[in-house]
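A quick write-up on the structure given underneath.
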Amino acid sequence: MRVETDCISNRAAGISAPCLCVLFLIVSVTGLLAQDQPQYTFGTTVVSTSGLEGRIYFLKKNTSKLPRLDGLKSAGTIYTNTLNVWPRRFDEGFPGISNRVEWFAIDYTGRFWIDRAGQYQFSLLSDDGARLSIDDQELIDNDGIHAASALSASAVLSRGIHTIHVSYYQGPRFTVALVLAVASPEAAWRIFNTDDFMPPKDPAEWVTGNISQVLHSAPSVAR
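Going by our numbering, the letters in the sequence shown line up with residues 788 to 1010, in that order.
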């Protein structure tokens, strides 16, 4: 399958949407790919309280977009600190999913701490559909059956605790992908990792953060 990327730059809105090739170069240079990383997975069954919790759902064949998952029965739970699955064959298997390599969804939820307030940019690459919400506000809708494609958005986040929600679904064979990247204020793009957004050790310092000024990039354009 060919890879589609959002290469449209919206300077007026302050958004620079990363192409897949640019993201790949960035994470390669910073040592986030290749042999320095563990085998790419959607998560592990080992319970983590500081990362993302992903609930697994089996879908009906020919599901064309992300369904409402809150009305479905979960088939299991996995945990991860990052979403860093670059395009790969669908049949390589998934931790916690023993009998399904297509027609399933994973609903990731978690919390992260913002220490420096400002504009944060997010990029979500997926094959097939995926959505990203921060503090219950949808930033990216990359839903539907499609080849690997990336969309981006930005938002101003205040200091404090924020919620994150990434819904992903795999439709028909042959490729899967799910990569979430972030660019902090005046910082380079990197793979989003909850370990980089840990709260202060003293719970007395914890406050609830706010989100504002959400800006979306233009839709993906086939190349």
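Backbone N, C-alpha and C fix where the C-beta goes; we use that ideal spot for every residue, glycine too.
Cut-off 7 Å between Cβ atoms - residues of its own chain near residue i, not counting five sequence neighbours on either side
i     : result
N849  : none
R798  : Low confidence applies here, because R798 scores a pLDDT of 37, under 50, leaving its location unreliable and the question unanswered by this model.
A862  : I843, Y844, F845
E992  : none
T869  : I978, F979, N980
L812  : Low per-residue confidence applies at L812: pLDDT is 37, beneath 50, and the placement is therefore not dependable, though the value from the model is reported in the following sentence. Here the set comprises nothing.
R1016 : No statement about residue 1016 is possible, as the shown extent of the chain runs from 788 to 1010 and does not include it.
L853  : A892, G916, R918, D930, S954, Y956
For residue j and residue i, believed in contact at Cβ under 8 Å, the rounded distance
i     : j    : result
G858  : G841 : With 8 Å as the limit, G858 and G841 do not qualify as a contact, their Cβ atoms being about 18 Å apart.
S1004 : L938 : 6 Å
L1018 : I998 : The displayed coordinates of the chain run from 788 to 1010. Any statement about residue 1018 would go beyond what the structure contains.
A964  : L912 : 6 Å
Q1000 : A942 : 6 Å
Y956  : A904 : 33 Å between Cβ atoms; not a contact.
Close beta carbons around residue i, own chain, < 6 Å, minus the five adjacent residues each side
i    : result
D894 : R842, L856, S954
P987 : none
N929 : L911, S913, A917, L938
D922 : H949, T950, I998
CA nearest to the CA of residue i, picked from the options
i    : options                 : result
G916 : R903, S910, L926, A935  : A935
E889 : V994, S941, K847        : K847
V949 : A940, T981, V966, Y956  : The amino acid at residue 949 is misidentified as Val; the sequence shows His. Checking every option, the nearest Cα to that of H949 belongs to T981.
Y866 : G897, A968, G958        : G897
R960 : T864, E879, L839        : E879
V966 : F899, S945, I927, D922  : I927
E925 : D983, H952, G905, Q908  : H952
F910 : A970, R887, V1001, D902 : Note that residue 910 is Ser in the sequence shown here, rather than Phe. Out of A970, R887, V1001, D902, A970 has the C-alpha closest to the C-alpha of S910.
N871 : I901, D902, L839        : L839
V994 : A968, Y956, D902, L853  : D902
Y907 : F984, N929, K988        : F984
Close-in-space but distant-in-sequence residues of the same chain around residue i (CB under 8 Å, 5 per side omitted)
i    : result
T962 : M788, P874, R875, R876, F877, D914, A934, A935
S851 : G931, I932, G958
R946 : I901, D902, R903, A904, V994, G996
Bridge partner(s) assigned by DSSP for residue i
i     : result
V1001 : DSSP lists no partner for V1001.
S837  : None; S837 has no bridge partner.
G830  : Answer is none; G830 lacks a bridge partner.
F845  : F891
G947  : I901
CB contact check: residue i to chain C, cutoff 9 Å
i    : result
K988 : Absent from the structure is chain C; it holds one protein chain and no more.
Continuous beta strand (DSSP E) assignments of at least 3 residues falling wholly in the segment 893 to 945: 905 to 914, 917 to 921, 924 to 929, 936 to 944
Complete beta strand (DSSP E) runs within the segment 968 to 996 (minimum length 3 residues, chain order): 976 to 978
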